[in-house]
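Data first, discussion second: the structure below is written as C-alpha cells.
In my numbering, the protein residues as written are 9 to 181.
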C-alpha cells in the first residue's frame with residue numbers, strides 16, 4: 009500500500025522536476041500506459057481553470073511517481089476497459105444522485121475497501137484542502153456559489169486513475 013509519506017516523497021520529486029523533465033515524464037507514462045493517459049488527457053481538457061489543471065497534473069504525476077517507485081505494471085490497460093469502468097462509475101453516480109445518504113455510504117465503502125485506501129484518503133484530503141471543501145457556509149446559497157464543479161471532476165478522475173493503476177499492476181483483481 010502506498011502511504012501518505014510515500015506519496016509526499018513522490019510529490020516532492022514531481023515539484024523538483026524541470027519543465028523538460030515533466031515533459032519527458034508525461035511522454036514515458038503515456039508510452040507505458042497509453043489508454044490510461046488518453047483518459048487523463050481527455051479529462052484534463054474538460055477542466056477550464058488553469059490552477060485546477062495544474063493541481064490535477066500534480067496529483068496525477070505524483071501518484072504515478074509513487075506507483076513507479078513501489079510497483080511494476082504487469083500489463084497495459086485497453087481503452088475498452090477504461091470506458092467500461094468509466095460507464096459503470098457514471099451509472100452508479102447517476103443512481104446515487106437522488107439518494108445522498110447512499111452516495112455517502114458508497115464513498116465510505118469505496119474508501120475503506122480500496123486496495124490503496126491510505127493513498128485515496130490522502131488524495132481526497134488534498135483535493136478537499138485545495139478546493140476548501142471543509143469550509144461550511146452559513147446557508148445553502150453560499151454553498152452553491154462557492155462550489156467549484158471541477159472539484160468533483162478531479163476527485164472522480166483521480167479515484168478512477170488509482171483504480172486503473174491497480175488493475176494494471178494486479179491483472180487478476
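For every residue, glycine included, the Cβ atom is placed at its ideal position computed from N, Cα and C.
As the structure is a computational prediction, the values presented were derived from the model and not from experiment.
Where the alpha helix (DSSP H) through residue i begins and ends
i	result
residue 82	Element bounds for residue 82: n/a, residue is neither H nor E.
residue 126	125–138
residue 27	27–40
residue 167	158–177
residue 14	12–24
residue 56	Note, residue 56: premise wrong, no alpha helix (DSSP H); not H, not E.
residue 121	108–121
Inter-residue spacing [alpha-carbon to alpha-carbon] between residue i and residue j
i	j	result
residue 70	residue 130	12 Å
residue 13	residue 56	30 Å
residue 35	residue 98	29 Å
residue 72	residue 17	12 Å
residue 83	residue 89	12 Å
residue 107	residue 121	21 Å
residue 148	residue 113	Confidence in residue 148 is poor, its pLDDT being 48 and thus under 50, which makes the residue's placement unreliable; the coordinate value appears in the next sentence. Residue 148 and residue 113: Cα-Cα distance of roughly 22 Å.
residue 159	residue 139	7 Å
residue 68	residue 169	8 Å
residue 95	residue 110	19 Å
residue 21	residue 85	26 Å
residue 141	residue 28	33 Å
Member of the options whose CA lies at the smallest distance from the CA of residue i
i	options	result
residue 60	178, 165, 177	165
residue 46	178, 179, 172	172
residue 74	109, 101, 28, 127	127
residue 87	42, 53, 76	42
residue 40	80, 10, 58, 9	80
Residue environment, residue i, which counts as buried when at least 16 other CB atoms sit within 10 Å
i	result
residue 30	exposed
residue 155	exposed
residue 134	buried
Residue i CB to nearest heavy atom of the ligand ATP below 6 Å
i	result
residue 113	The ligand ATP is not among the ligands present in this structure, which contains no ligands whatsoever.
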